[in-house]
Structures are given as C-alpha cells and as structure tokens.
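Novice: Here the sequence shown is numbered in the numbering used here, starting from 136 and rising by one per residue.
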Amino acid sequence: MGSNGSDPPRPVVGITAYGEHARYGVWDNESVLLPRTYPDVVIAAGGVPVLLPPVPESAAAVDRLDAVVLAGGPDVGPDRYGAAPHPRTGAPRPDRDGAELAVLHRALERGIPVLGVCRGAQILNVALGGTLVQHVPDVVGHSGHNPSPGVFGTVEVALEPGSRVGAALGPVATVRCHHHQALDRLADGLVVTGRAADGLVEAVERSGAPWVVGVQWHPEEVATDVRLMTALVRAAAQNRTTAP
Ligand SMILES: N[C@@H](CCC(=O)NCCCC(=O)O)C(=O)O
136 MGSNGSDPPR PVVGITAYGE HARYGVWDNE SVLLPRTYPD VVIAAGGVPV LLPPVPESAA
196 AVDRLDAVVL AGGPDVGPDR YGAAPHPRTG APRPDRDGAE LAVLHRALER GIPVLGVCRG
256 AQILNVALGG TLVQHVPDVV GHSGHNPSPG VFGTVEVALE PGSRVGAALG PVATVRCHHH
316 QALDRLADGL VVTGRAADGL VEAVERSGAP WVVGVQWHPE EVATDVRLMT ALVRAAAQNR
376 TTAP
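Written out as structure tokens, the structure is:
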C-alpha cells in the first residue's frame, strides 16, 4: 500500500553499489558506496531505492525488486568479453563484475525493467555477448565524454524516434558524461538508440518487453530532469500490474 494508505505500492528499485575502501565517521574500512544522486533521482521519479552491494547475494535480492539500475563505476574486466587488458584499463573488480552480471541475468530472467548507467550500459552489452572499446581516445578522442577526473562532460546525443530513450527525452538530449570506454561490438538483441556526433554509442535498448535500456551518460547527475528514471519506474509499475 502507498504512503496515503490507498495508492498502489511504489516500485522498489535496486541500485548496484560500489565496494570501496573509505574513511568516514569512526570508520576506515571496506564500504558499500553510491553517490546520493542515484537514490534521490529514484525517489523523485516515484520509486523506492534499495542498495545492492557487490556480493553474490544481490542476485537473490532481485526476486524482491520491481526494477534494477546498474550504476556507473570502474571498468569492466576485459576477461568478461574475451579481451586482453589495454594499458589504460582500470584494475579488475571481479566482485562487482560478478555480482552485477548475476543481478542483470536474474532481472532479465524475471522480466523486470533495467536501466544501465554508463558502466551499467557496458555491463548490459557484455552480459549479452558484446565487447567494449577499452580506451575511447584510441578511437575518437575524448570529445567531451571524459574531460578530466571528477568533471562531467556535456555531450549532445541524437536519439532514435520511437525508441524508449526517444520517447522519454525527445530527438536530441544534452547529457552529462564521464567515461573513457564505450560499446564496441553490439550484443545480439540490443539496438543502438542514441549516438553522439563523433559516432560513439550513447544509448542502447532491447526491443520488446521488458523495458531494458543502457545509457552511456548519467541521468542521476541532473536532479532537475528525472524523465528517464520516471520511464523506468513507470515501466516497473506497469510490469507489476501485467506480470503473471
Ligand atoms: N569505467 C567505465 C565506466 C564509466 C562510468 O561508469 N563512469 C562513472 C563512474 C566512474 C568511476 O567510478 O570511476 C568507463 O570509464 O568507460
């Protein structure tokens, strides 16, 4: 039941989190972390956020969720897509790779909506058999995708009419980006629905139900624009009413 006692319950959205060493309060230890912007944008879109730590048990938590957000984060291990590491690829994070791949596969099995953000779009492509460009400047230069550490670039993206991102955002979106990798060979079952002017893939989706979208940009970085997250939460609510 919703907060006023009569509305339908708000969709519960699991968000995958970082496992990082961190210092805060009295703590100086391994921590489960996520920028606050992620839960805030889920709440603003009408969902209830829960964190999914980078542990195998997070896949079991998917059975209690209505939707999943695969958050941004470190580089996906190249072994996950059959490549040798590029010198600029970050240190492997097998715990997070393994947990997110398991979360995603369980979400797809259950048929609940998924939004992959930046690394999350890359995980989506790798999970379904695609590959990644390991260092964008090798291909097109950074062109605003990754200006400097801690700074998000501004990129204009052309979106396919009739796609899920096009329906949510219109034909062109100006987005915030921070990535040095990108989608390369597209996985079977994914279609490109958004590209930057330099040709980099910025958005992909699976056709048909459920709602499965990956974006190379960061919708959670623009608190005033919750349209994409709202599309995810609406799809989750719709899915709950139609699921067997
Ligand atoms: N590592 C990948 C993914 C980009 C991404 O998710 N960026 C946001 C967070 C970055 C971080 O935590 O280091 C890439 O750079 O392409």
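Glycine included, C-beta positions come from ideal geometry on N, C-alpha and C.
Predicted, not measured: the structure shown is a model, and the values here were computed from it.
Can you list the beta strand (DSSP E) stretches of 3 or more residues lying completely in the stretch 174 to 235, in chain order?
Specialist: As far as the stretch 174 to 235 is concerned, its whole beta strand (DSSP E) runs of at least 3 residues are 183 to 187, 202 to 205.
Novice: With DSSP as the reference, identify every bridge partner of T262, one or two as the case may be.
Specialist: For clarity, residue 262 is Ala in the given sequence; the question names Thr instead. In DSSP, A262 forms no bridge with anything.
Novice: Are R147 and V190 close, meaning C-beta to C-beta below 8 Å?
Specialist: As written in the sequence, residue 147 is Val, which differs from the Arg given in the question. Against a cut-off of 8 Å, the Cβ pair of V190 and V147 comes out as no contact.
Novice: Between which two residues does the beta strand (DSSP E) holding R320 run?
Specialist: No beta strand (DSSP E) contains R320, which DSSP labels as neither H nor E.
Novice: Could you please give the first and the last residue of the uninterrupted alpha helix (DSSP H) stretch that includes T376?
Specialist: Looking at the DSSP string, the run of the alpha helix (DSSP H) that includes T376 is 362 to 377.
Novice: Look at A370 and W346 and say whether their C-beta atoms are less than 8 Å apart.
Specialist: Cβ distance < 8 Å, so A370 and W346 count as in contact.
Novice: Return the Cβ separation of F287 and R311 in integer angstroms, given the expectation that the two are a contact with Cβ distance under 8 Å.
Specialist: Yes, they are in contact, since the Cβ atoms of F287 and R311 sit about 4 Å apart, within 8 Å.
Novice: Are there 16 or more other CB atoms within 10 angstroms of the CB of A206, so buried, or fewer, so exposed?
Specialist: That one is buried.
Novice: Determine contact between the stretch 335 to 342 and the stretch 209 to 220, defined as no fewer than three beta-carbon pairs at a distance below 8 Å.
Specialist: Touching, no, given that fewer than three Cβ pairs across the two stretches are closer than 8 Å.
Novice: Per DSSP, which residues does T289 bridge with? Please list them.
Specialist: DSSP output for T289 lists R311 as bridge partner(s).
Novice: Could you tell me the boundaries of the beta strand (DSSP E) in which G154 lies?
Specialist: 153 to 159 is the extent of the beta strand (DSSP E) around G154.
Novice: Could you name the residues of the same chain whose beta carbon sits closer than 7 Å to that of P229, not counting the 5 residues immediately before and after it, in chain order?
Specialist: Closer than 7 Å at Cβ, skipping near neighbours: G212.
Novice: Check V147 in the structure and name its three-state DSSP category.
Specialist: In this structure, V147 counts as strand in the three-state DSSP scheme.
Novice: Return the residue from the list N164, V274, R199 that minimises the CA-CA distance to Q316.
Specialist: The option with the nearest alpha carbon to Q316 is V274.
Novice: Would you call the CB atoms of V249 and A242 closer than 8 Å?
Specialist: Yes, the Cβ-Cβ distance between V249 and A242 is below 8 Å.
Novice: Within the structure, which residues are defined as neighbours of ligand 1 by a Cβ-heavy atom distance below 5 Å, reported in chain order?
Specialist: Ordered along the chain, the selected set is G207, G208, D210, C253, R254, H313, H314, H315, Q316.
Novice: Whose C-alpha, out of P143, R375, T376, V348, is nearest the C-alpha of L363?
Specialist: Checking every option, the nearest Cα to that of L363 belongs to V348.
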